[in-house]
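Student: Numbered by mature numbering (1 follows the signal peptide of the UniProt record, and there is no 0), the letters in the sequence shown go through residues -20 to -1, 1 to 553 in order.
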Amino acid sequence: MHRYTSLIVKAVVMFQFVRAFKCGFHPARCRSAYFFSSITKVAVPDNTIAKMNRPFIPNILKSTTADQDIVFKDELMSKKSTIIADDHEFERSKLDRRKYRAIELKSNGLQVLLVSDDETDVEAGSVHVRAGHFDDPEDRAGLAHFHEHMVFLGSEKYPAEGDFEAYLAKNGGSTNAYTDMEDTNYYFSITPGDDDDDALTGALDRFAQFFICPTFETSAVERELRAINSEYLNSITSDNWRNYQILKCNANPSHPFVKFGCGNYNTLTNGGDISKPTLAESGGTNPRDILLDFWDKNYHGGNIKLCVLGRANLDELQESVENTFENVRPAPSNGVKSGYPALSQQNPLKITTKSVHTENDLMFAYEGESYGDIPFRVGHELGIIREIIPAKETRKITISFAIPPLHSPLIDVGKPHRVISHLLGHESPGSLHSVLSDEGLIFGLSSGVGVDVSDFALFNINLSLTAKGMSERDRVLDLFWQWMSIIQNEIWRDESEMEKYHDELRQLSEISYTYKENTNPTDFCSSKAECLFYTPAKDILSAAYKTGEYDADVARAFFSRLTPQNCMMPTLP
Ligand SMILES: [Zn+2]
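1. If you pair each beta-carbon of the stretch 398 to 415 with each one of the stretch 351 to 370, do three or more pairs fall below 8 Å?
2. Let me know if G449 comes out buried or exposed under the rule of 16 or more other beta-carbons within 10 Å of its beta-carbon.
3. Indicate, with yes or no, if ligand 1 has a heavy atom lying under 7 Å from the CB of I254.
4. Would you say residue 591 and S444 are within 8 Å of each other, going by their C-beta atoms?
5. Looking at C-beta atoms only, is the number of pairs between the stretch 285 to 297 and the stretch 90 to 106 that lie closer than 8 Å three or more?
6. Per DSSP, what are the beta-bridge partners of G424 in this structure?
7. Find out if the Cβ-Cβ distance for the pair Q189, K137 is shorter than 8 Å.
8. Of the residues F513, V301, I422 and A437, which one's Cα is nearest the Cα of I354?
9. Could you tell me if the beta carbon of H125 falls within a distance shorter than 7 Å of some heavy atom in ligand 1?
10. Quick check: is any heavy atom of ligand 1 less than 7 Å from the C-beta of I216?
11. Among all the DSSP beta bridges, which residues are the ones paired with H108?
12. Tell me whether H129, by its Cβ, gets closer than 7 Å to a heavy atom of ligand 1.
13. For ligand 1, any of its heavy atoms closer than 7 Å to the Cβ of E202?
14. If L425 and W463 are in contact, beta carbons under 8 Å, what's the gap, nearest whole angstrom?
15. Could you check which residue in F381, S388 and H387 has the C-alpha nearest to that of I400?
16. Taking C-alpha atoms, which residue in A509, D160, R309 and P233 lies nearest to E361?
17. At which residues does the alpha helix (DSSP H) containing I391 begin and terminate?
18. Just verifying my parser: in three-state terms, what is the DSSP assignment at T374?
19. Going by beta carbon distance, what residues of the same chain come within less than 6 Å of A523, once the five residues before and after it are set aside?
20. Jot down the residue ranges of each uninterrupted beta strand (DSSP E) in the stretch 79 to 103, minimum 3 residues, whole runs only, in chain order.
21. Does the stretch 82 to 97 come into contact with the stretch 138 to 146, if we say contact requires no fewer than three beta-carbon pairs (one atom in each stretch) closer than 8 Å?
22. Check this for me: beta carbons of D432 and K239, under 8 Å apart or not?
23. Hey, how far is the Cα of T258 from the Cα of H113?
24. Going by the DSSP bridge assignment, what does R186 pair with across the sheet?
25. With DSSP run on the structure shown, which of helix, strand or coil describes C193?
26. Beta strand (DSSP E) containing C242: first to last residue?
27. Note down, in chain order, each residue of its chain lying with its Cβ closer than 8 Å to the Cβ of R310, except the 5 sequence neighbours on either side.
28. Should E211 be listed as close to ligand 1, given that the test is whether its C-beta is under 7 Å from any heavy atom?
29. Suppose contacts are defined by Cβ-Cβ distances below 8 Å. Is A208 in contact with H129 by that definition?
30. I need the DSSP call for E202, collapsed to helix, strand or coil.
31. Counting pairs of beta carbons, one from the stretch 166 to 183 and one from the stretch 288 to 307, are three or more of them closer than 8 Å?
32. Please state if the CB of V301 and the CB of F94 are separated by a distance shorter than 8 Å.
33. Does the stretch 483 to 496 come close enough to the stretch 69 to 82 that 3 or more CB-CB pairs lie under 8 Å?
34. Are there any heavy atoms of ligand 1 lying less than 7 Å away from the beta-carbon of I208, as far as the coordinates show?
35. Go to T499, then tell me how far its alpha helix (DSSP H) extends in each direction, as first and last residue.
36. In terms of DSSP beta bridges, what is V429 paired with?
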C-alpha cells in the first residue's frame, strides 16, 4: 500500500485557457525599419544570369536527376526565397496526392510549407508564433491572450476593423486563433473561386499585414479587455478549466507553468476594477505599451512559421507567399527562439543532480532545461492526492505523471508512452480495465499525454468512477498500482515480451500512415505550421507515425517516472 499526502484544494477563481478564441486591432505602430520592400542588389556572376534567363519549366524537377535538381532548385529559387525541400523529397502516404514544398524567405528567414491540392474544396493558411502565456510579464497575466485578440483589429494597409473577416466571409471562409502556453496560432479558411479569381492571395495579403504592421487600435483596448474578462467568467463554471488552473497554480512557483494564461480585466490592467465605467477610472494601467513590446520581441521571421494550402500550383503559391510575407521583420540578432536548441551532448540520456524522481536520476534531453527549474518537485507538488470540490458531480480521478517532453529525441523516436498507454487501457480478461469494470467501480478508463511543452509533459490516466468506485477510491487506486507493478516487472524481466508489444504498435501506426487520407485543410495548416519548428520539412507528414526499435534502457528510464512519488492525483467527487 502506498501512503499519500492528502490535500483539499477548494476551487480557486483564476482559470487558464489552453485554446482561447480570438476577438479583435490599431495603426500608428509601424516603424520604417520593419520594411524590406526593396531587395539589396548584389553583384551576380554572369553564368547565374544566364541560368535565370532560361525558359521557365514548372515540372522540370520531376524529370531531373538529384544532381540536376540542385542546379534547378538554385534556378527556381527566386530572388525572394530558398527551397528547403521540394515535392519529391517529402515522405508521404500512398493516398496523398497533394504537392509539397518548403521554402525560406530571404528577406526575413520566415519558413513556409506550401501545399498544392487542385481538388480541395477549402483553401487555408496558418501562422504559428513561438510565444504564448509563458512569455507573459509577471504583472500582466493574460498578455499573450490579449495580444491575440488585439492583433487582428486592423493593419496599416487594411485599417478598417473587420476587413479581414468581411473579405473571408465574402469568399466563404472564416478565421480564428488560439493562445497556448508557449505558442499562438492564427488560421483562416476560404472557398476557392473561379480559376481567374485568386481569392487566396487576397486573403494572404490581409493576413500577412497582421504580422507586418498591426495597428493595435487604441480605441479597442477597453472593449477587448472586457471581452477577455467575459471569457474568464464563462470558464469559472467549467470543471475542466477549474481543474486545469488548480493543477497550474499548484506547480513550482519558479516555473512558468504556474502562470494564469487567460487573464482578466484585473490582471491585464495590473489591478483595475472592472466595475468602474472606464479604464481611466478603474485604478489600473493601460496595457497597450506592454502589448507593443510583446509584439516587438516575438513577432519576427525567426519566430514565425507559415503553412498555406491552395488549389494553385506550387510555383504560384510560392509567388503569392513571397509577395505577401516578404515584409515581415527579420529576426533580431538576439531574438531567435525557434524550436529546441541543438543537443549539448551525443547521449541524450544523462545523469543529473536534479531530483525529478526518487529512484532514478537519469534525465532525458530537454527535460527541465528551458526555464531554469523543473515544474513539479517531489514532496511539494508530487506524491499528492488533491481532493477538489467540483462545480457539479464528476466522480473522476486523474493520475498525472511528470514525464520528459515528447520532443525529447529518445521519446520522439522510441515513443515508450504508447506501449504503456496500450497496456494500461487494455480491456482483455484479467486487465485492469476488466477487473475495475467487473467490480462495478468504473465507467471508463483512458490514458495518454496531456500537457506537452518544451521541458516536460504530463502522462495522464483518467478514471471515470461509479458511485461505488468513488466510495471505494482507495481500492481503485490499489488495483491501479498493482497493475502498474505488473507492467513494471514485465519491463525489467522480459525484454522480448515488451518488444513484441512495441513492434505490434509500430506496425499498426505505419499501416495507418500508409493509408492515411488527407485531413481538413485548416487543421492541417494549423498543425503543420507548428511542426515546422521541430521537424525537418521533408519528414513533416510522416514523423508522428514513425517509431524506432524497442530500447529497453529507454523504456525503463521512462517507466521510472511512473511512480507514486512522481505523480499528482486530483480527485473529484
Ligand atoms: Zn480570447
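Glycine included, C-beta positions come from ideal geometry on N, C-alpha and C.
Tutor: Looking at the coordinates:
1. Too few Cβ pairs lie closer than 8 Å, so no.
2. Burial call: buried.
3. No, ligand 1 has no heavy atom inside 7 Å of this Cβ.
4. The displayed coordinates of the chain run from -20 to 553. Any statement about residue 591 would go beyond what the structure contains.
5. Taking a cut-off of 8 Å for Cβ pairs, the stretch 285 to 297 and the stretch 90 to 106 touch, as three or more such pairs fall below it.
6. Residue pairing for G424: DSSP places it in a beta bridge opposite S444.
7. Their beta carbons are under 8 Å apart, which means Q189 touches K137 by this criterion.
8. Looking at F513, V301, I422 and A437, the one whose alpha-carbon comes closest to that of I354 is A437.
9. Yes, the Cβ of H125 comes within 7 Å of a heavy atom of ligand 1.
10. Answer for I216: no, Cβ out of range of ligand 1.
11. Residue pairing for H108: DSSP places it in a beta bridge opposite N165 and K285.
12. Checking the Cβ of H129 against ligand 1 gives yes.
13. Not under cutoff, so the answer is no.
14. In fact, because the Cβ distance is near 10 Å, the residues do not count as touching under 8 Å.
15. The residue with the shortest Cα to Cα distance from I400 is F381.
16. Nearest C-alpha to E361: P233.
17. Note, I391: alpha helix (DSSP H), P389 to G394.
18. Correct three-state label for T374: coil.
19. The answer, listed in chain order, is T515.
20. For the stretch 79 to 103, whole beta strand (DSSP E) runs of length 3 or above, ordered along the chain, are 79 to 85 and 91 to 96.
21. No, they do not touch.
22. Using a Cβ distance threshold of 8 Å, D432 and K239 do not count as a contacting pair.
23. Distance between the alpha carbons of T258 and H113 is about 26 Å.
24. DSSP lists no partner for R186.
25. Look at C193 here: in three-state DSSP terms it is coil, with no helix or strand label.
26. Where C242 is concerned, there is no enclosing beta strand (DSSP E), given that its DSSP letter is neither H nor E.
27. According to the sequence as given, residue 310 is Pro; it is not Arg. Cβ within range, chain order: F16, S87, N88, G89, H280, G281 and G282.
28. Yes.
29. Residue identity check: residue 208 is Ile in the sequence provided, not Ala. Less than 8 Å separates the beta-carbon of I208 from that of H129.
30. Three-state DSSP puts E202 in a helix.
31. By the Cβ criterion, the stretch 166 to 183 is in contact with the stretch 288 to 307, since at least three pairs of Cβ atoms, one from each stretch, lie closer than 8 Å.
32. In the sequence on display, residue 94 carries Leu and not Phe. With contacts defined as CB atoms closer than 8 Å, L94 and V301 qualify as a contacting pair.
33. Yes, the stretch 69 to 82 is in contact with the stretch 483 to 496.
34. Yes; taking the cut-off as 7 Å, the Cβ of I208 has a heavy atom of ligand 1 nearer than that.
35. The continuous stretches of alpha helix (DSSP H) do not include T499, and DSSP gives it neither H nor E.
36. In DSSP, V429 forms a bridge with F439.
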